[in-house]
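Colleague: For the sequence shown, this note's numbering gives the first residue as 5, with consecutive numbering after it. C-beta atoms are modelled at their ideal positions from N, C-alpha and C, and glycine is treated no differently.
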Amino acid sequence: MSLSTSTKKLIQKINERSHDLDPTTQSNYKNFKVNHTELTLDVSFNSKTIDGLVKYDLTNLTNIDELILDTRALTIKSVIVNGSKVSFKLSNPVPIYGSALIIPLPTATSLKVDIEFQTTDKCTAIQFIQGDTGPYVFSQCQAIHARSLFPCFDTPGVKSPYKFIGKSPTKVTMSGRPQPSNEPNTYYFDQPIPIPSYLVSITSGNLFKAPIGPRSDVYCEKPNLKNCQWEFEKDMENYLQIAESLVFEYEWKRFDSLVLPSSFPYGGMEIPNMTQLTPTLISGDRTQTKVMAHELAHSWSGNLVTNTSWEHFWLNEGWTVYLERRIVGAIGAQEAKLAGKSDEEAEQIGEQIRHFDIIGGWNALVETCETFNPDFTKLVWNLKGQDPDDAFSRIPYEKGFFFLFQLENKVGGKKEFDHFIKYYFEKYRYQSLNTSSFVETLYEFYEPRGKKDVLDTINWDKELFVSGLPEKPYMDTTLADQVYSYGNKWVEYIKTSQNFDNIPFKEEDLDSYQGEQDMLFIEYLVEKFKNLDVPPELIKKFPSIYPTYAASKNGEILSPWNELLIMHGDYQSTDQLVKDFSNWLSVTGRMKYARPGYKVLKNGISLEFAVEQFNKHKEFYHPICRSMIEKDLGLV
Ligand code: BES
Ligand code: ZN
Numbered sequence: 005m006s007l008s009t010s011t012k013k014l015i016q017k018i019n020e021r022s023h024d025l026d027p028t029t030q031s032n033y034k035n036f037k038v039n040h041t042e043l044t045l046d047v048s049f050n051s052k053t054i055d056g057l058v059k060y061d062l063t064n065l066t067n068i069d070e071l072i073l074d075t076r077a078l079t080i081k082s083v084i085v086n087g088s089k090v091s092f093k094l095s096n097p098v099p100i101y102g103s104a105l106i107i108p109l110p111t112a113t114s115l116k117v118d119i120e121f122q123t124t125d126k127c128t129a130i131q132f133i134q135g136d137t138g139p140y141v142f143s144q145c146q147a148i149h150a151r152s153l154f155p156c157f158d159t160p161g162v163k164s165p166y167k168f169i170g171k172s173p174t175k176v177t178m179s180g181r182p183q184p185s186n187e188p189n190t191y192y193f194d195q196p197i198p199i200p201s202y203l204v205s206i207t208s209g210n211l212f213k214a215p216i217g218p219r220s221d222v223y224c225e226k227p228n229l230k231n232c233q234w235e236f237e238k239d240m241e242n243y244l245q246i247a248e249s250l251v252f253e254y255e256w257k258r259f260d261s262l263v264l265p266s267s268f269p270y271g272g273m274e275i276p277n278m279t280q281l282t283p284t285l286i287s288g289d290r291t292q293t294k295v296m297a298h299e300l301a302h303s304w305s306g307n308l309v310t311n312t313s314w315e316h317f318w319l320n321e322g323w324t325v326y327l328e329r330r331i332v333g334a335i336g337a338q339e340a341k342l343a344g345k346s347d348e349e350a351e352q353i354g355e356q357i358r359h360f361d362i363i364g365g366w367n368a369l370v371e372t373c374e375t376f377n378p379d380f381t382k383l384v385w386n387l388k389g390q391d392p393d394d395a396f397s398r399i400p401y402e403k404g405f406f407f408l409f410q411l412e413n414k415v416g417g418k419k420e421f422d423h424f425i426k427y428y429f430e431k432y433r434y435q436s437l438n439t440s441s442f443v444e445t446l447y448e449f450y451e452p453r454g455k456k457d458v459l460d461t462i463n464w465d466k467e468l469f470v471s472g473l474p475e476k477p478y479m480d481t482t483l484a485d486q487v488y489s490y491g492n493k494w495v496e497y498i499k500t501s502q503n504f505d506n507i508p509f510k511e512e513d514l515d516s517y518q519g520e521q522d523m524l525f526i527e528y529l530v531e532k533f534k535n536l537d538v539p540p541e542l543i544k545k546f547p548s549i550y551p552t553y554a555a556s557k558n559g560e561i562l563s564p565w566n567e568l569l570i571m572h573g574d575y576q577s578t579d580q581l582v583k584d585f586s587n588w589l590s591v592t593g594r595m596k597y598a599r600p601g602y603k604v605l606k607n608g609i610s611l612e613f614a615v616e617q618f619n620k621h622k623e624f625y626h627p628i629c630r631s632m633i634e635k636d637l638g639l640v
């Protein structure tokens, strides 16, 4: 496909500003092609370690004389190359990135490299815990934790098909399709689609499964199984079919998921064939299945088409949020049609719902741009010497989303953009790409369709490489306005009232709220009250004004609700409300709630109290979450 000269220049300029090599790996990955990987992981609950064997089938592309792999806090036991034992070197550990494993190579293009290893107690990828019904272990490798589970090219720029073998006294799931096994305590999985290291995963525990769709089961420990099934069975297949019509056929065959114990640090993680989910989604009202839609969307954006390094993380998450919101909008339209609306009305309702989520995204983007390290509010990052976990925020999600949303609008709306979606995902499936390849593909698609001028109106430099907010797009505020006007009444009331004896607000005011309007309302008050003199005695009445919020077990409500109260209510550490909230934090390892929760204790009660609570409970948290809270509280 030939591009115009000015486009070629633009692509070249973007390319020059990006790193050619992933700065967060020490491996020499560009010299090799990985044809196949076989990974055996053998779990010991007694020693809380995993013994492993990884067998790489490589092509040496450049006749290089050594192979360098990433490791961190791993014990390497032996290395065999093409049948002969070799003496390897492990470099001194570099902060964040770990120790390079240096393996001398014979002169051969085709290489079989077998490495025996064992994890240590410094492994940041795995957590051994006591599950509800027995011992349990799970891993979380994104972004650069895979290297502490097994020696690898720990960059999303490298992909390989895998065979996985998991050994454990309890049931094992890994990142592939289960295969039959005749050996006790041994589980086989095949992953024929090439995947990067960060999608490698192992979980073992007393797991059971229940169907939630024709190609989907949910796994978890027995006591929670029925609740998990109920939460997802209505939406699962529907999500799959909508996503398929948006992009193309789901290629991974089955879409199963696993609800983890409560220390799981994320909302969800898109492990191929076995999406991992936080148990905080099981709220008994199906209000949080959107996270499932998000992880499902990663089956295309991220898992089939992957960012080539974490500097281009927006390609994974921005695209996924874009698809997630399209799915959520389509479900809304579908439901409106079932309720008897015309096609046109239903489409409009679907758009209103999508736009409601988009507004939430915009608010998060504004908040993050105001408070986060400006280097990491750029769409494309420079991660040289940095820990990708430190760069992580809502930015790649929302700035990525708004970038794609802008493109959708520029090229003429959803229908026009749909053609590009299919073209892009088909072009890059099984591959990894960077931002300049994305822009190139965009021009490649739209130049012949007469839309070059439209794309040329975009200030590429600002969009890709400058910190802070992009231009605010048009958003349909129908659903958000209902919330804002009610919230504004509160603000007026507080500004103008002399006393708070007859409060003109009650729970029934919110009866018509649907979906996430509740959440937006509380978040709106959190924002507005920041700049308002709110009397603590008024705040203390909130639980009796809105008793349903006060009793909510749903983290999406509980988290902003307690922020609102504790930040303004002049509560003491001995108050029941603070005790209840601290207790909830002590069993909630999802970082979306735990990190702001400790900040609320710190800013609303005291640093001493926050630290005391954290120290009491820190063993509960996953290593990634623990280290982030330590940073947040200034303990490291
Ligand atoms: N892949 C991410 C989780 C992740 C990101 C793990 C970076 C490690 C490093 C996952 O798809 C995700 O985005 N989860 C979100 C949920 C979502 C609905 C926005 C989360 O965990 O909050
Ligand atoms: Zn995601």
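Buried or exposed for histidine 423, going by 16 or more other Cβ atoms inside 10 Å?
Modeller: The residue labelled residue 423 in the question sits at position 419 within the sequence shown. Under this definition histidine 423 is an exposed residue.
Colleague: Check the DSSP bridge columns for phenylalanine 121 and list the partner residues they point to.
Modeller: Start at 1 with the first residue of the sequence shown, and residue 121 comes out as number 117. The partner list for phenylalanine 121 (beta bridge, DSSP) reads Gly56, Ile80.
Colleague: Report yes if the C-beta distance between asparagine 64 and threonine 113 is below 8 Å; otherwise report no.
Modeller: Position 60 of the sequence shown, counted from the start, is the residue given in the question as residue 64. Position 109 of the sequence shown, counted from the start, is the residue given in the question as residue 113. Yes; because the gap between Cβ atoms is below 8 Å, this pair is in contact.
Colleague: Name the one or two DSSP bridge partners that lysine 116 has.
Modeller: Counting from 1 along the sequence shown, the entry for residue 116 is found at position 112. In the DSSP output, where bridge partners are listed per residue, lysine 116 has Asp61.
Colleague: Assuming isoleucine 130 is part of the beta strand (DSSP E), what are its boundary residues?
Modeller: For the purposes of this step, residue 130 is taken as residue 126 along the sequence shown, with counting starting at 1. Note, isoleucine 130: beta strand (DSSP E), 130-134.
Colleague: Indicate whether the contact test is met: 3 or more Cβ pairs, each with one atom in the stretch 371-381 and one in the stretch 130-139, closer than 8 Å.
Modeller: no
Colleague: Which partner residues of histidine 40 appear in the DSSP bridge assignment?
Modeller: Locating residue 40 in the sequence shown gives position 36, where the first residue counts as 1. Beta-bridge pairing by DSSP links histidine 40 to Asp61.
Colleague: Taking arginine 433 as the reference, which of Thr9, Gln292, Lys163 has the closest Cα?
Modeller: Numbered from 1 along the sequence shown, position 429 holds the residue referred to as residue 433. Considering only alpha carbons, the answer is Lys163.
Colleague: Going by C-alpha to C-alpha distance, which of Pro477, Lys476, Tyr550, Ala77 sits closest to phenylalanine 525?
Modeller: Counting from one through the sequence shown, the residue named residue 525 turns up at place 521. Taking only the C-alpha atoms, the option nearest phenylalanine 525 is Tyr550.
Colleague: State the start and end residues of the unbroken beta strand (DSSP E) segment that holds isoleucine 1.
Modeller: Residue 1 falls outside the range modelled here, since the chain spans only 5 to 640, and no answer is possible.
Colleague: I'd like to know whether the C-beta atoms of isoleucine 119 and isoleucine 80 end up nearer to each other than 8 Å.
Modeller: If you number the sequence shown from 1, residue 119 lands on position 115. If you number the sequence shown from 1, residue 80 lands on position 76. Yes, the Cβ-Cβ distance between isoleucine 119 and isoleucine 80 is below 8 Å.
Colleague: Please report how far the alpha carbon of alanine 340 lies from the alpha carbon of cysteine 156, in whole angstroms.
Modeller: Counted from its first residue, the sequence shown places residue 340 at position 336. Counted from its first residue, the sequence shown places residue 156 at position 152. Cα-Cα distance, rounded: 49 Å.
Colleague: What residue from Ser489, Ile72, Ile335, Leu250 has the CA that sits closest to lysine 238's CA?
Modeller: Position 234 of the sequence shown, counting from 1, holds the residue named residue 238. Among Ser489, Ile72, Ile335, Leu250, the Cα nearest to that of lysine 238 belongs to Ile335.
Colleague: Between the Cα of aspartate 485 and those of Ile169, Val591, Asn607, Gln521, spot the shortest distance and give me the residue it belongs to.
Modeller: Mapped onto the sequence shown, residue 485 falls at position 481. Checked all of Ile169, Val591, Asn607, Gln521; the closest Cα to aspartate 485 is Gln521.
Colleague: Quick check: is any heavy atom of the ligand BES less than 7 Å from the C-beta of histidine 298?
Modeller: If you number the sequence shown from 1, residue 298 lands on position 294. Yes, Cβ of histidine 298 sits closer than 7 Å to a heavy atom of the ligand BES.
Colleague: Should phenylalanine 469 and lysine 382 be called a contact, given that it needs their Cβ atoms to be closer than 8 Å?
Modeller: Residue numbering aside, residue 469 sits at position 465 when the sequence shown is read from its first letter. Residue numbering aside, residue 382 sits at position 378 when the sequence shown is read from its first letter. Result yes, Cβ atoms of phenylalanine 469 and lysine 382 sit closer than 8 Å.
Colleague: Three or more beta-carbon pairs under 8 Å between the stretch 254-267 and the stretch 314-330, yes or no?
Modeller: no
Colleague: When the Cα of tyrosine 625 is compared with those of Pro508, Val591, Asn96, which residue comes out closest?
Modeller: Working through the sequence shown from its first residue, we reach residue 625 at position 621. Residue Val591 holds the alpha-carbon nearest to the alpha-carbon of tyrosine 625 among Pro508, Val591, Asn96.
Colleague: Could you check whether the Cβ of threonine 324 sits closer than 7 Å to any heavy atom belonging to the ligand ZN?
Modeller: Here residue 324 is taken as the residue at index 320 of the sequence shown, counted from 1. Threonine 324 Cβ: within cutoff of the ligand ZN.
Colleague: With DSSP run on the structure shown, which of helix, strand or coil describes phenylalanine 509?
Modeller: Your numbering for residue 509 matches position 505 in the sequence shown. Here phenylalanine 509 sits in coil by DSSP.
Colleague: Note the first and the last residue of the continuous alpha helix (DSSP H) segment covering serine 266.
Modeller: As a first step, residue 266 must be located in the sequence shown, where it is residue number 262. Here serine 266 belongs to no alpha helix (DSSP H), and DSSP marks it neither H nor E.
Colleague: What's the gap between the Cα of valine 530 and the Cα of aspartate 361?
Modeller: The sequence position of residue 530 within the sequence shown is 526, counting from 1. The sequence position of residue 361 within the sequence shown is 357, counting from 1. Taking the straight line joining both Cα atoms gives about 18 Å.
Colleague: Is the beta carbon of glutamate 496 within less than 7 Å of some heavy atom of the ligand ZN?
Modeller: Residue 496 sits at position 492 when you count from the first residue of the sequence shown. At a threshold of 7 Å, glutamate 496 does not count as near the ligand ZN, since its beta carbon sits no closer than that to any of the ligand's heavy atoms.
Colleague: Quick check on phenylalanine 236: buried or exposed, where buried means 16 or more other Cβ atoms within 10 Å of its Cβ?
Modeller: The residue you call residue 236 lines up with position 232 of the sequence shown. Buried is the call here.
Colleague: Would you mind reading off the limits of the alpha helix (DSSP H) that contains methionine 296?
Modeller: Numbered from 1 along the sequence shown, position 292 holds the residue referred to as residue 296. It spans 294-301 - the alpha helix (DSSP H) in which methionine 296 sits, taken as one unbroken run.
Colleague: Quick one: Cα of threonine 552 to Cα of leucine 285, how far?
Modeller: For the purposes of this step, residue 552 is taken as the residue at position 548 of the sequence shown. For the purposes of this step, residue 285 is taken as the residue at position 281 of the sequence shown. So the two alpha carbons sit approximately 18 Å from each other.
Colleague: Going by DSSP in three states, leucine 14 sits in which element: helix, strand or coil?
Modeller: Here residue 14 is taken as the residue at index 10 of the sequence shown, counted from 1. Three-state result, leucine 14: helix.
Colleague: Measuring alpha carbon to alpha carbon, tell me which residue in Phe268, Glu241, Leu605 is nearest methionine 571.
Modeller: Translated into the one-based positions of the sequence shown, residue 571 becomes position 567. Among Phe268, Glu241, Leu605, the Cα nearest to that of methionine 571 belongs to Leu605.
Colleague: In whole angstroms, what separates the C-alpha of threonine 293 from that of glycine 333?
Modeller: Position 289 of the sequence shown, counted from the start, is the residue given in the question as residue 293. Position 329 of the sequence shown, counted from the start, is the residue given in the question as residue 333. Those two C-alpha atoms are separated by around 13 Å.
Colleague: Given a threshold of 16 other Cβ atoms within 10 Å of its Cβ, counted over all protein chains shown, does aspartate 74 qualify as buried or as exposed?
Modeller: Residue 74 sits at position 70 when you count from the first residue of the sequence shown. Buried is the call here.
Colleague: With a CB to CB cut of under 6 Å and the five nearest residues on each side skipped, what residues in its chain are close to valine 58?
Modeller: The residue labelled residue 58 in the question sits at position 54 within the sequence shown. These residues qualify, in order along the chain: Leu43, Ile119, Phe154.
Colleague: Buried or exposed for proline 160, going by 16 or more other Cβ atoms inside 10 Å?
Modeller: As a first step, residue 160 must be located in the sequence shown, where it is residue number 156. If you draw a 10 Å sphere on the C-beta of proline 160, you find 16 or more other C-beta atoms in it, and that means buried.
Colleague: Between which two residues does the alpha helix (DSSP H) carrying cysteine 232 extend?
Modeller: As a position in the sequence shown, residue 232 is number 228, starting the count at 1. Bounds of the alpha helix (DSSP H) holding cysteine 232 are 229-237.
Colleague: Which residues mark the beginning and the end of the beta strand (DSSP E) in which cysteine 224 is found?
Modeller: Residue mapping note: residue 224 aligns to position 220 of the sequence shown, counting from 1. Start and end: 220-225.
Colleague: Bridge partners for alanine 104 per DSSP, in chain order?
Modeller: On the sequence shown, position 100 is the one that residue 104 refers to. Answer is Asp74.
Colleague: Going by the C-beta, is histidine 316 closer than 7 Å to any heavy atom of the ligand BES?
Modeller: Numbered from 1 along the sequence shown, position 312 holds the residue referred to as residue 316. Because no heavy atom of the ligand BES lies under 7 Å away, the Cβ of histidine 316 does not count as near it: no.
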